[in-house]
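Trainee: For the first sequence, the UniProt record's numbering assigns the number 1 to the initial residue and increments by one for each residue that follows. Glycine included, C-beta positions come from ideal geometry on N, C-alpha and C. Keep in mind it's a predicted model, so treat the numbers as computed, not measured. My questions all concern the structure below.
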Amino acid sequence: MVRQGYRPNGADPWPGGARPSCTIYAVISAALVHDWFVANARDLPWRRPGTTPWGVLVSEFMLQQTPVARVAPVWEQWIAEWPRPSALAATSRADVLRAWGKLGYPRRALRLHEAAAAIATRHGDVVPSDVAELEALPGVGTYTARAVAAFAYGRRCPVVDTNVRRVVARAVHGAGDAGPARVKADLADVDALLPQDDATAAVVSAGLMELGALVCTARSPRCGVCPIQAECAWLANGKPEYQGPRRPVQTFAGTDRQVRGRLLDVLRAADAPVPREALDAVWDDAAQRDRCLLALLEDGLAEQTDDGLFTLPA
DNA sequence: TAAGCGTGGTG
DNA sequence: TCACCAAGCTT
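Given below as structure tokens:
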């Protein structure tokens with residue numbers, strides 16, 4: 001049941017004249033998403049019964065821009081070794097960075113380490129359930145705070161990640177994909193979809209993400225198996241292609257990110273501080289290499305010993 | 001607000 | 001093959 005001309009919240013989803021030609025908007029049924037999720041949810045480690053809020057928080061940190069398949073084994077190790085925030089907080093940054101391994105964006109590991117310390121000292125070793133308190137933790141932003149409130153504590157709150165933005169852009173707004181993030185409007189869009197009951201709303205939040213991850217995917221959506229295909233405004237509009245601005249794809253080869261990754265790889269693998277020559281070997285451009293090493297030191301991802309060797313931070 | 005931050009799988 | 005993509009956050 002697709003309604004023409006309906007706009008949730010009265011908000012213009014395409015500010016700045018990027019409006020596509022479609023005119024159909026839709027209301028989608030939370031109950032369909034809920035039931036689909038109950039029947040089709042993946043059996044992910046952090047969804048198992050007995051997972052603590054700390055386990056959920058750790059999973060959310062690791063999942064920030066890193067695929068599920070690479071996170072799963074590392075998450076298992078972390079939870080076995082550090083079952084509480086205080087346990088992680090008592091660990092050296094070097095060990096934390098080694099355990100993070102090659103998940104990428106290692107600054108996340110340092111922020112999780114800092115967040116663990118804050119939870120241990122300021123929250124009695126219990127992950128907060130309040131969104132504002134969660135957002136006050138290092139490395140916890142709009143998405144992660146709400147994900148923890150919903151998935152760890154069963155709260156009714158909108159959880160908006162890249163999957164949900166895509167699902168809403170298509171099913172509700174009839175567009176091919178989501179434009180640039182509009183945090184408040186995105187949260188309001190999803191809030192309008194959620195049922196009132198906390199526990200049910202939390203399942204719907206998980207369901208919207210799962211739908212985006214498994215069915216309403218970026219490249220080739222599987223509309224034929226979608227539980228809300230009959231309500232989808234994008235389908236009703238004839239699946240128009242996305243018209244708005246694309247975020248440019250991040251290059252990697254030759255960038256500082258690649259150099260930092262190589263330098264850090266050396267430090268992670270070494271069981272003792274290494275001389276500068278060991279780092280020089282991984283990149284030819286000396287100026288870029290030095291700039292990146294300095295940046296790693298400033299970011300707290302590396303340290304220099306008194307005798308001039310380099311190592312992961314204590 | 002836009003750019004920077006790792007890594008590896010894939011269509 | 002190689003762009004594109006993957007449960008974002010910070011400055």
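Return the Cβ separation of Glu-231 and Ser-92 in integer angstroms, given the expectation that the two are a contact with Cβ distance under 8 Å.
Mentor: Between Ser-92 and Glu-231 the Cβ distance is about 52 Å, and since that is not below 8 Å, they are no contact.
Trainee: So, are the CB atoms of Val-148 and Pro-53 less than 8 Å apart?
Mentor: Yes, the Cβ-Cβ distance between Val-148 and Pro-53 is below 8 Å.
Trainee: Who are the Cβ neighbours of Leu-134 in its own chain at under 6 Å, not counting the five residues just before and after it?
Mentor: Pro-128, Val-140, Ala-145 and Val-148
Trainee: Label Ala-109 either buried or exposed according to how many other C-beta atoms from any shown protein chain fall within 10 Å of its C-beta, with 16 as the threshold for buried.
Mentor: buried
Trainee: For Glu-241, does the three-state DSSP call read helix, strand or coil?
Mentor: coil
Trainee: Around the Cβ of Glu-81, are there at least 16 other Cβ atoms within 10 angstroms (buried) or fewer (exposed)?
Mentor: exposed
Trainee: Contact between the segment 258-268 and the segment 190-201 is defined here as three or more beta-carbon pairs at a separation below 8 Å; is this criterion met?
Mentor: no
Trainee: Would you decide whether Gly-124 is buried or exposed? Buried here means 16 or more other CB atoms lie within 10 Å of its CB.
Mentor: exposed
Trainee: Report back the beta-carbon spacing between Leu-294 and Leu-279 to the nearest angstrom; my notes put them in contact at under 8 Å.
Mentor: No, Leu-294 and Leu-279 are not in contact; Cβ-Cβ is about 12 Å, not under 8 Å.
Trainee: Go to Asp-234, then tell me how far its alpha helix (DSSP H) extends in each direction, as first and last residue.
Mentor: Before going on, a small fix: residue 234 reads as Trp here, not Asp. That run of the alpha helix (DSSP H) goes 233-236.
Trainee: Taking one C-beta from the segment 214-222 and one from the segment 66-73 each time, how about it: are there three or more such pairs within less than 8 Å?
Mentor: Counting Cβ pairs under 8 Å, fewer than three are found: no touch.
Trainee: The alpha helix (DSSP H) spanning Ile-119 covers which residue range?
Mentor: 107-122
Trainee: Which of the three DSSP states, helix, strand or coil, is assigned to Ile-79?
Mentor: helix
Trainee: Can you check whether the CB of Val-56 is closer than 8 Å to the CB of Val-204?
Mentor: no
Trainee: Taking the alpha-carbon of Val-164 as reference, which of Asp-191, Tyr-153 and Pro-138 has the nearest alpha-carbon?
Mentor: Asp-191
Trainee: Could you give the distance in angstroms between the alpha-carbon of Glu-298 and the alpha-carbon of Thr-162?
Mentor: 30 Å
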